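Just so you know, we're using my numbering here: the sequence shown kicks off at 544 and counts up by one. We put the beta carbon where it would ideally sit given N, CA and C, even for glycine. Because the structure is a prediction, the values reported are computed rather than measured. See below for the structure under consideration.
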Amino acid sequence: MTRKRSKLSKTHGFQKGYVPWNKGKKIEFIKISKKNQFCRHSQSVFDRIVRQSSNGVLTIENVDGTPVEQVILRPMPQNLDVVDKYLQAANNYSDACPNKVYTPKHVESLFSSEIRNHRLYNSECDGDLKFDAENEKQWGCVWRERLKCQKCDFESKYYRLYDVVETNKRGQKSAKLNIQIQCGLITSPISNKNFRDILMISNMSPPSSSGMQRLQTKLQKRLRGKGIEIICPNHGGVCTANIAGDASIGNEAVYSSSCATEISDFLKISHITTDGDSKSYQGVKQVHGINVEALRDVRHLSATMKRAITRCTFSPDLFSGAKKANLKNRFALDIKARCVAELNQSFKVHQGELYKVKQHMPEVIKTIVMCYKGYCGSFCKVNSYVCAGLPSNHWIKNFIPNGSTCRMTCDDEVKVKKLYKNFT
Numbered sequence: 544m545t546r547k548r549s550k551l552s553k554t555h556g557f558q559k560g561y562v563p564w565n566k567g568k569k570i571e572f573i574k575i576s577k578k579n580q581f582c583r584h585s586q587s588v589f590d591r592i593v594r595q596s597s598n599g600v601l602t603i604e605n606v607d608g609t610p611v612e613q614v615i616l617r618p619m620p621q622n623l624d625v626v627d628k629y630l631q632a633a634n635n636y637s638d639a640c641p642n643k644v645y646t647p648k649h650v651e652s653l654f655s656s657e658i659r660n661h662r663l664y665n666s667e668c669d670g671d672l673k674f675d676a677e678n679e680k681q682w683g684c685v686w687r688e689r690l691k692c693q694k695c696d697f698e699s700k701y702y703r704l705y706d707v708v709e710t711n712k713r714g715q716k717s718a719k720l721n722i723q724i725q726c727g728l729i730t731s732p733i734s735n736k737n738f739r740d741i742l743m744i745s746n747m748s749p750p751s752s753s754g755m756q757r758l759q760t761k762l763q764k765r766l767r768g769k770g771i772e773i774i775c776p777n778h779g780g781v782c783t784a785n786i787a788g789d790a791s792i793g794n795e796a797v798y799s800s801s802c803a804t805e806i807s808d809f810l811k812i813s814h815i816t817t818d819g820d821s822k823s824y825q826g827v828k829q830v831h832g833i834n835v836e837a838l839r840d841v842r843h844l845s846a847t848m849k850r851a852i853t854r855c856t857f858s859p860d861l862f863s864g865a866k867k868a869n870l871k872n873r874f875a876l877d878i879k880a881r882c883v884a885e886l887n888q889s890f891k892v893h894q895g896e897l898y899k900v901k902q903h904m905p906e907v908i909k910t911i912v913m914c915y916k917g918y919c920g921s922f923c924k925v926n927s928y929v930c931a932g933l934p935s936n937h938w939i940k941n942f943i944p945n946g947s948t949c950r951m952t953c954d955d956e957v958k959v960k961k962l963y964k965n966f967t
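Have a look at this one:
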């Protein structure tokens, strides 16, 4: 024994001559009172003996009116007998049995076999066999069903009412209908969600979306690379392909150049209207020369202008504060809103006369620059369509902080004016 262990045994172990306190004494254990026993009765007993007092407390009383010292718990679940089970199933049968897809031969086998088994089980019963709607099992769009008698407690085994895919692997076999549905969805624009909506509208219980997605992924993995080989129709003679097999399908410049070449013999293009970020103008320009003028689509132009301002490099002192990138993005949003408002209002004022709108736009551009520099007054009052330059009537900058101004240098003013000119 180690020194430490020996020391512990001397201080905490039994010592010679020690007499326990209960030696020769008869110990009486205290009986636990049955007061406040917890009791859970059945539903029928609970309804018969439990009373509710005026203050809402549930109590149980003896015959003489004295209270029983019990803590009443909620009643036990009601055990349904055979009659209650069938009555409950009959009430829910219409809701639990929507339209379903069964294979006729399996339904015939189910009823033929189980009618004989029912007679062997209870020859005196004359009840009809019905589908057990409460215990049916769905797997995708197919079902496993069993029958039960309406009078006796006969229940059949489960039958598969669908065809399966025979494989040499162990485990549950896949249903043919589920795979056939996914094969049809792969070759059509209908998604799993839309197919589930169609089933629900048809009062058919749809399969789960996660199960359909798993089956679709597994099926696509097996079908990958097993399609029909596509061959060019004129491969034996002159090939009709005009682009490479790995060429980009989004090259707008090549397509516009091809279209411009086809019409170049009898038509000369002078103006072309495209998106703000479209490359179609370059393709037309290559065929019809440098005199082609590009017009911008107004619906896409505001977003293009915002992106141009975001990408533009301004002086570091243009915005005050630490979060300059955030202020630059907000500045782009506010400029976009201001330009759209000025352009729309100018068309209203000049009643759609494009010549007058273009004539006034240079002064409007100078005014907008001065307004953002903090000189909102006489310039806006004379040349702006949406800002009167007054404290009670001026352009409200919703995106940038109130009262803030842009400290533009000469280079910043040139860049902003150039962006405005491209927009207008």
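The beta carbon of K899 sits closer than 7 angstroms to those of H893, all from its chain and outside the five residues before and after it, given in chain order. Excluding residues up to 5 positions away in sequence, V707, V708 lie with their Cβ nearer than 7 angstroms to the Cβ of S717 in the same chain. Per the DSSP secondary-structure output, K673 pairs in a beta bridge with K691. H649 and N665 have their C-alpha atoms some 24 angstroms from each other. Under the three-state reduction of DSSP, F581 is assigned to strand. A distance below 6 angstroms between beta-carbons, with the five flanking residues on each side excluded, links K960 to the following residues of its chain, in chain order: I908. Contact annotation, G670 with K700: C-beta distance approximately 18 angstroms; criterion of less than 8 angstroms not satisfied. In this structure, I806 lies away from K849, with their beta-carbon atoms at least 9 angstroms apart. It is roughly 31 angstroms from the alpha-carbon of Y645 to the alpha-carbon of E667. By the neighbour-count criterion, in which a residue is buried when 16 or more other Cβ atoms sit within 10 angstroms of its Cβ, D789 is exposed. Counting C-beta pairs with one atom in each stretch, the region 939–958 and the region 915–926 have three or more that are closer than 8 angstroms, which means they touch. Taking 9 angstroms as the cut-off, the beta carbon of C684 is found no closer than this to the beta carbon of P641. When rounded, the separation of the alpha-carbon atoms in L758 and E698 is 32 angstroms. Each of T847, S845, S813, S863 was checked against the Cα of H831, and the nearest Cα belongs to S813. Contiguous beta strand (DSSP E) elements confined to the region 836–882 occur at 836–839, taking only those with 3 or more residues.
One alpha carbon belongs to G608, the other to I570, and they sit about 39 angstroms apart.
One alpha carbon belongs to K764, the other to I722, and they sit about 13 angstroms apart. The region 938–946 makes contact with the region 864–876, as at least three CB pairs between them are under 8 angstroms.
Counting along the chain, K899 sits inside the alpha helix (DSSP H) bounded by residues 897–915. When the Cα atoms are used, P859 and V883 turn out to be separated by approximately 27 angstroms. In terms of Cβ geometry, E688 and L653 form a close pair [threshold 9 angstroms]. Beta-bridge pairing by DSSP links R703 to R687. Closest in C-alpha terms to R591, from the list D954, S655, I603, D696, comes I603.
The beta carbon of E885 lies closer than 8 angstroms to those of V907, I911, S927, Y928, V929 in the same chain, with the five residues before and after it left out.
Contact between G826 and E795 holds, with the beta-carbon distance rounding to 7 angstroms and staying under 8 angstroms.
Rounded to the nearest angstrom, the gap between the Cα atoms of K811 and N834 is 10 angstroms. Per DSSP, H814 is not a residue of any alpha helix (DSSP H); the beta strand (DSSP E) it occupies stretches across 814–817. Rounded to whole angstroms, H937 and A880 show a C-alpha spacing of 14 angstroms. In this structure, the beta-carbon distance from E657 to L690 falls below 9 angstroms. Each of T856, G793, F674 was checked against the Cα of V957, and the nearest Cα belongs to T856. In this structure, S748 lies near K643, with their beta-carbon atoms less than 9 angstroms apart. P620 sits in coil when the DSSP states are folded into three classes, being neither helix nor strand. A803 and C726 have their C-alpha atoms spaced approximately 42 angstroms apart. In this structure F581 is in contact with V614, their Cβ atoms being roughly 5 angstroms apart against a cut-off of 8 angstroms.
Under the DSSP assignment, R739 falls in the alpha helix (DSSP H) whose first and last residues are 735–744. Minimum Cα-Cα distance from A837 among the listed residues K566, S845, S821 corresponds to S821.
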